[in-house]
Structure formats: C-alpha cells, structure tokens
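Q: Can you keep this structure in mind? I'll have questions shortly.
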Amino acid sequence: MLIKEIMDVNFEIIAPDDPISLLADRMLKRHCSCIIVVKDDRLVGVITDRDIALHCIGSGYGFTDVRAEAVMSAEILCCDEMDNIGDVARNMTLNKLRLLAVLDAKKKLVGTVSLGELAVSDNWSIREQPTDKAHRLV
C-alpha cells in the first residue's frame, strides 16, 4: 500500500510570520498536534504542540508575542506519495515523528501522513512484528 492511499490531503499550513495564537487556535479546531510551515509554496518548517509548550510557555513568552518561525523546527523530514507505508512507518518510528509532509514527484506538498493514519491502515508491515514495549496503564 502506498502513502498516497492513506495521506491526509486536508492538511493545515501557516506562514512563518503567523502568530502562535493563530497556530494554537487551528490546532485546537482541527484536533491536530502538528502544522506545516510554508513560505512561497516551499516547506520551511513544522511546529508541534510540544514546540509551543517548550518555546512559548517554558520560556515565558506570550502567545501574541511569538511568530511561527521562532518556534518551528526547520529540519523537515518528508516522504514521497509513492513510498510504501511500511517503509514510511519504520522511518517515522526510527526518527520519533508523529507527522510527515508528503511530496509529489515535483517536490510539491500534497499531503501529510500521521501515525494515526498508519495505525488504521490495513497493510502496515510493522504491526506484524510484535513488541513488548507498549503497556496499557490501568
């Protein structure tokens, strides 16, 4: 199964100069924890809810004082829409990622893929390798 079959094409993007308050509002409304940062149709970063917590709350900045570019991670890992979901899942696991940008053959952003989308896909080869590392808290 290919990433293009499970990716989210209704993803959220923001500009580097957008305020974090706008980002937090979009995350809340969409129930998502990551948003892609785009400038001039080019991926320039990604922001997670953890980035907001560590950079804004942890540093004592106000939500209206900080722009996306101040807290975004500029190193972006992405995948191709034609990649196999098993390969992408392993890559996300090894790099401890919850979301990846999905690019087409022309390197244009066409979607995102999250661990949630991978988890509900029918053909995820990593599921075939059981692990004792996950436990349910009671």
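Every position in the sequence shown, counted from 1, becomes a number in our numbering once 13 is added.
The C-beta atom is built at its ideal place from N, Cα and C for all residues, glycine as well.
Keep in mind that this is a model prediction, so the values were computed, not measured.
1. Go ahead and pull the three-state DSSP assignment for I26.
2. Measuring CB atoms only, is the stretch 111 to 131 touching the stretch 79 to 99, in the sense that at least three cross pairs come out at less than 8 Å?
3. At the level of alpha carbons, what is the spacing between G124 and M20?
4. For L122, which residues does DSSP report across the bridge?
5. May I have the straight-line CA-CA distance separating E88 from G58, to the nearest angstrom?
6. Rounded to whole angstroms, what is the Cα-Cα separation between D64 and H44?
7. According to DSSP, simplified to helix, strand and coil, what is V79?
8. Exposed or buried, which one is M14 when buried takes at least 16 other CB atoms within 10 Å?
9. Go ahead and label A66 buried or exposed: buried means 16 or more other beta carbons lie within 10 angstroms of its beta carbon, across all protein chains shown.
10. Near V101, which residues of its chain fall below 6 Å by C-beta distance, leaving aside the five closest residues on each side in sequence?
11. Identify which residue in I60, T61, D31, R39 has its Cα closest to the Cα of N23.
12. Could you check which residue in S72, R55, I48, D54 has the C-alpha nearest to that of T61?
A: If we stick to the structure as given:
1. On the sequence shown, position 13 is the one that residue 26 refers to. Secondary structure of I26 (DSSP, three-state): strand.
2. Using a Cβ-Cβ distance cut-off of 8 Å, the stretch 111 to 131 and the stretch 79 to 99 are in contact, since at least three pairs of beta carbons, one from each stretch, lie closer than that value.
3. Locating residue 124 in the sequence shown gives position 111, where the first residue counts as 1. Locating residue 20 in the sequence shown gives position 7, where the first residue counts as 1. Looking at the two C-alpha atoms, the distance is approximately 6 Å.
4. For the purposes of this step, residue 122 is identified with residue 109 of the sequence shown, where counting begins at 1. Bridge partners of L122: L116.
5. Stepping through the sequence shown from its first residue, residue 88 is reached at position 75. Stepping through the sequence shown from its first residue, residue 58 is reached at position 45. E88 and G58: Cα-Cα distance of roughly 7 Å.
6. As a working mapping, residue 64 is identified with position 51 in the sequence shown. As a working mapping, residue 44 is identified with position 31 in the sequence shown. Taking C-alpha positions only, D64 is separated from H44 by approximately 16 Å.
7. Translated into positions along the sequence shown, residue 79 becomes position 66. If DSSP states are grouped into helix, strand and coil, V79 belongs with coil.
8. Mapped onto the sequence shown, residue 14 falls at position 1. In summary, M14 is exposed, with fewer than 16 beta-carbon neighbours lying within 10 Å of its beta-carbon over all protein chains present.
9. Translated into positions along the sequence shown, residue 66 becomes position 53. Here A66 is exposed. Its C-beta has fewer than 16 other C-beta atoms within 10 Å.
10. Mapped onto the sequence shown, residue 101 falls at position 88. When the five nearest sequence neighbours on each side are left out, the beta carbons in the same chain lying within less than 6 Å of the beta carbon of V101 are those of I16, C92, in order along the chain.
11. Mapped onto the sequence shown, residue 23 falls at position 10. Nearest C-alpha to N23: R39.
12. The residue given as residue 61 occupies position 48 in the sequence shown. Comparing Cα positions, the closest option is I48.
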